[in-house]
Amino acid sequence: MLNTSQTEKLFNVDGHLSEEGIAIWVDALQYQKTGALPEKVKEHVENCALCKSAVVELYSVIGQEDRPLSEHPYFGGTDHQTRRAIKHDIKLWIKIAASLLILVSIAVALLFQFWHTNNSGELFAEYFSPYPNIVLKRNLVQEHQNKSFVTAMDHYNKGEFRSATQYFEKSGQVEVLSDTALFYYGNASLATGNAKQAIVLFGPLLTDSGSRFFRQAEWYYALAYLSADKPEQCLQQLKKLIDEDTHHKTEALELLRKIE
Amino acid sequence: MSANDYEVRLLHENPGELILLYQELIKIIVQKQLINPGFFKSQNRDDIIQTINEHLLKKMPHIAKYYNGLSLLRTYVSVIIRNKCREYYRSQLKQETTYMSDQDVLLAPGIKRKVFIRKFQTTVLHEGLQYTSAQETEKHIVFEYEFRRFDAILRTFTKQKAKIELCIRYFFHIPCRTSDLKAYWPGAEKKYLKIFSGKKSSEAESTKTEKYKVLTGLINRCENKTNTNDAIRKWLADKITELIDLLNGDPQQNYFDNETFQYFVEAYYNRKENIG
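These protein sequence lines map, in sequence, to chains R and W. Going by the working numbering, the first residue of the first sequence is number 7, and it counts up by one from there. Going by the working numbering, the first residue of the second sequence is number 4, and it counts up by one from there.
Next up, the structure:
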């Protein structure tokens, strides 16, 4: 509410609306608050064609300005703004609730994943040990002219599996990897936590039952799936090991029970 | 800090920047007040804007002194810009022209005569000539602008809005709803609720005299007065004239008369009904 002296400021000495009087009327039209105008101001425009014309003219011109209405010094926000604020509040709460729900879901999923991974990880750590190097260095040098492969095996022997994988990779760039190379490269990959690569490397060995590392590869293949957190494929591979009565049968059976 | 607070701060601390901030506003007002109605060519727009900028720059101390913070500063400055536009228009309204008149019998041939002519004259179309038809979209845009303007005009009648609207609708055969009647007279009698129940005025009431009779009866019952039919006729005629004048604007931008006003009002309420 305006006091008398403030209302007087909305009029000129000649009794018409002052610049600010016209401005507040235009604001009232824009903010849909004509009812909130001081009674004297309302009455004047109701009866004064000159001021009415000024108000309408200006409103027609600036009312189309494409800009949001800011908070008004006299009217405050518009009804629309208030409604929008309430809508905004509701939207905000919905957003917060949705965010919380998503966060909780993610947390549950992560916990489950963590528990599951942890479980798989623990089992993998329990059963995995890199296959010992059974290839004599002398034979290696004789059989393989590729120096990278020899170096890779050196690192493998020392337990430096990351370096070993690098040299295996280099070796693969020079010549087609032999079954031996594939098997140890797969082991080194498993040891460095790269289960996906290990699965790829062990794959060709399993297609040839006459391969030197066929049986061992079957076992490590199962472990690779365990490490990659693919329990179904792992179980499938373990069942195969058990059915085929391999020398990994006991371990496979034990692991199978633990996973199930 | 609201946008208005920021602008008020600029007014006191950096008026030049405030003027820069209001450039778009100045452009809109100049365009709508002086260019769009055809008073000035669009090539003159930048010059006019520059004149207004200079005026505002000079006027800033006055604004800082007299702005009391009751309205938005932007609207307050808009009033000043509008006033300057009107002043500019008036200064260009009349221009001194010297021409030879062969038809002026009072002057000897060949004698120059100094006259003042209106610079902005409307072209009067001769009888039989038609206005060119604009595209429907363009018409629609023009209508929307005028509807908005008419809506604002009605809203300036804070006390009489419902009464004026009801009378206009009834007088121009636009179906009235009971809600329109109740806006004017919340405790309206059944007799009137029946008359203003959404139907078009019946044939019996379609003569102007009958209409004034109904309206006089309604106004007298609602306001507990003893107006005559003639008094109501005069009041309504005055209001329609006032509405037409306001729609036409000052300086005049539209050319509504009683007949075109009726078409306009019908279109306005049709649109309102369609929007719901």
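Positions of the beta carbon are idealized from the N, C-alpha and C atoms, including for glycine.
Check R/H78 in the structure and name its three-state DSSP category. Taking the first sequence and counting its residues from 1, the one referred to as residue 78 of chain R is at position 72. Here R/H78 sits in strand by DSSP.
Completely contained alpha helix (DSSP H) runs for the segment 62-100 of chain W, where each covers 4 or more residues: 76-96
Touching by the beta-carbon criterion (3+ pairs, under 8 angstroms), the segment 38-53 of chain R and the segment 98-106 of chain R: no
Helix, strand or coil for R/F17 per DSSP? For the purposes of this step, residue 17 of chain R is identified with residue 11 of the first sequence, where counting begins at 1. Residue state, collapsed to three classes: strand.
Indicate whether R/E77 and W/L73 have their beta-carbon atoms separated by less than 8 angstroms. Residue numbering aside, residue 77 of chain R sits at position 71 when the first sequence is read from its first letter. Residue numbering aside, residue 73 of chain W sits at position 70 when the second sequence is read from its first letter. Their beta carbons are not under 8 angstroms apart, which means R/E77 does not touch W/L73 by this criterion.
Output the distance between the C-alpha atoms of W/A207 and W/Y195, rounded to the nearest integer angstrom. Taking the first residue of the second sequence as position 1, residue 207 of chain W is located at position 204. Taking the first residue of the second sequence as position 1, residue 195 of chain W is located at position 192. Bear in mind that the predicted position of W/A207 carries a pLDDT of just 49, short of 50, making it unreliable; the figure below should be weighed with that in mind. Cα-Cα distance, rounded: 16 angstroms.
Contact with chain R by W/E245, beta-carbon distance below 8 angstroms: The residue you call residue 245 of chain W lines up with position 242 of the second sequence. It does: the Cβ of W/E245 has a partner Cβ on chain R nearer than 8 angstroms.
Whole alpha helix (DSSP H) runs in the segment 27-66 of chain R with 4 or more residues, listed along the chain? 45-53
Note the first and the last residue of the continuous alpha helix (DSSP H) segment covering R/W225. Here residue 225 of chain R refers to the residue found at position 219 of the first sequence. F220 to S233 is the span of the alpha helix (DSSP H), which, as asked, contains R/W225.
May I ask you to report which of helix, strand or coil DSSP gives R/G23? Your numbering for residue 23 of chain R matches position 17 in the first sequence. Just to set this straight, residue 23 of chain R is Leu in the shown sequence, not Gly. Reduced to three states, the DSSP call for R/L23 is strand.
For R/R168, which residues of its own chain have a beta-carbon under 6 angstroms away from its beta-carbon, when the five flanking residues on both sides are left out? In the first sequence, the residue the question calls residue 168 of chain R occupies position 162. Once the five neighbours on either side are set aside, the close Cβ partners of R/R168 are T198.
Cβ of W/V268 less than 8 angstroms from any chain R Cβ? For this step, residue 268 of chain W is matched to residue 265 along the second sequence. Taking Cβ atoms only, chain R never reaches closer than 8 angstroms to W/V268, which makes this a no.
Answer yes or no: do W/F146 and W/L250 have a C-beta to C-beta separation smaller than 8 angstroms? Counting from 1 along the second sequence, the entry for residue 146 of chain W is found at position 143. Counting from 1 along the second sequence, the entry for residue 250 of chain W is found at position 247. For W/F146 and W/L250, no; Cβs fall outside 8 angstroms.
Note down, in chain order, all residues in the segment 149-179 of chain W with a beta-carbon under 8 angstroms from any beta-carbon belonging to chain R. R151, R152, A155, I156, R158, T159, F160, T161, K162 and Q163
Contacting residues, own chain, Cβ-Cβ under 8 angstroms from W/N17 (five flanking each side not counted): By one-based count along the second sequence, residue 17 of chain W stands at place 14. Counting only Cβ-Cβ distances below 8 angstroms, and skipping sequence neighbours, we find nothing.
Name the chain R residues whose beta carbon is nearer than 7 angstroms to that of W/A6? Against the second sequence, residue 6 of chain W aligns to sequence position 3. Near W/A6 (Cβ distances below 7 angstroms), the residues of chain R are S76.
Within 8 angstroms, do at least three Cβ pairs link the segment 265-277 of chain W to the segment 170-187 of chain W? yes
Is the shortest distance between the beta-carbon of R/Q203 and the beta-carbons of chain W less than 8 angstroms? Mapped onto the first sequence, residue 203 of chain R falls at position 197. False, the Cβ-Cβ gap to chain W never drops below 8 angstroms.
Give every residue of the same chain whose Cβ lies closer than 6 angstroms to the Cβ of R/P237, excluding the five residues on either side of it in the sequence, and list them in chain order. Within the first sequence, the letter at position 231 stands for residue 237 of chain R. Cβ within range, chain order: I265.
Comparing the C-beta of R/D20 with each C-beta of chain W, is any distance below 8 angstroms? Taking the first sequence and counting its residues from 1, one reaches residue 20 of chain R at position 14. Output row for R/D20: interface = no.
Express the C-alpha separation of W/Y69 and W/S200 in angstroms, rounding to a whole number. Numbered from its first residue, the second sequence carries residue 200 of chain W at position 197. Numbered from its first residue, the second sequence carries residue 69 of chain W at position 66. Whole-angstrom Cα-Cα distance: 51 angstroms.
In angstroms, rounded to a whole number, what distance separates the CA positions of W/S94 and W/S182? Numbered from 1 along the second sequence, position 91 holds the residue referred to as residue 94 of chain W. Numbered from 1 along the second sequence, position 179 holds the residue referred to as residue 182 of chain W. So the two alpha carbons sit approximately 48 angstroms from each other.
Smallest Cα separation from R/L8: which of R/D20, R/G21 and R/I30? Taking the first residue of the first sequence as 1, we reach residue 8 of chain R at position 2. Nearest C-alpha to R/L8: R/I30.
With respect to the alpha helix (DSSP H) encompassing R/S177, which residues constitute its N-terminal and C-terminal limits? As a position in the first sequence, residue 177 of chain R is number 171, starting the count at 1. Unbroken alpha helix (DSSP H) run through R/S177: F167 to V180.
Can you find a C-beta in chain R that's less than 8 angstroms from the C-beta of W/V82? Locating residue 82 of chain W in the second sequence gives position 79, where the first residue counts as 1. Interface residue, yes.
Buried versus exposed, by CB contacts within 10 Å (16 or more), R/L16: Mapped onto the first sequence, residue 16 of chain R falls at position 10. Classification for R/L16: buried.
For the segment 29-40 of chain R, enumerate the residues whose C-beta is nearer than 7 angstroms to any C-beta of chain W, in chain order. A29, I30, V32, D33, L35 and T40
Chain-ordered residues of the segment 49-76 of chain W with a beta carbon less than 8 angstroms from chain R: Y69, Y70, N71, G72, L73, S74 and L75
Between R/L207 and R/L259, what straight-line distance do the alpha-carbon atoms span, to the nearest angstrom? The residue you call residue 207 of chain R lines up with position 201 of the first sequence. The residue you call residue 259 of chain R lines up with position 253 of the first sequence. The alpha-carbon atoms of R/L207 and R/L259 are separated by roughly 24 angstroms.
Give the secondary structure of W/C179 by DSSP, where H, G and I count as helix, E and B as strand, and everything else as coil. Start at 1 with the first residue of the second sequence, and residue 179 of chain W comes out as number 176. W/C179 falls in the coil class under three-state DSSP.
Excluding sequence positions up to five away, which residues of its chain have a Cβ less than 7 angstroms from the Cβ of W/Y92? For the purposes of this step, residue 92 of chain W is taken as the residue at position 89 of the second sequence. L37, F42 and P254.
If you draw a straight line from the C-alpha of W/I55 to the C-alpha of W/K87, how long is it? The residue you call residue 55 of chain W lines up with position 52 of the second sequence. The residue you call residue 87 of chain W lines up with position 84 of the second sequence. Near 7 angstroms, if we compare the C-alpha coordinates of W/K87 and W/I55.
Rounding to the nearest angstrom, what Cα-Cα distance links R/L188 and R/H254 in this structure? Counting from 1 along the first sequence, the entry for residue 188 of chain R is found at position 182. Counting from 1 along the first sequence, the entry for residue 254 of chain R is found at position 248. Each residue's alpha carbon lies about 20 angstroms from the other.
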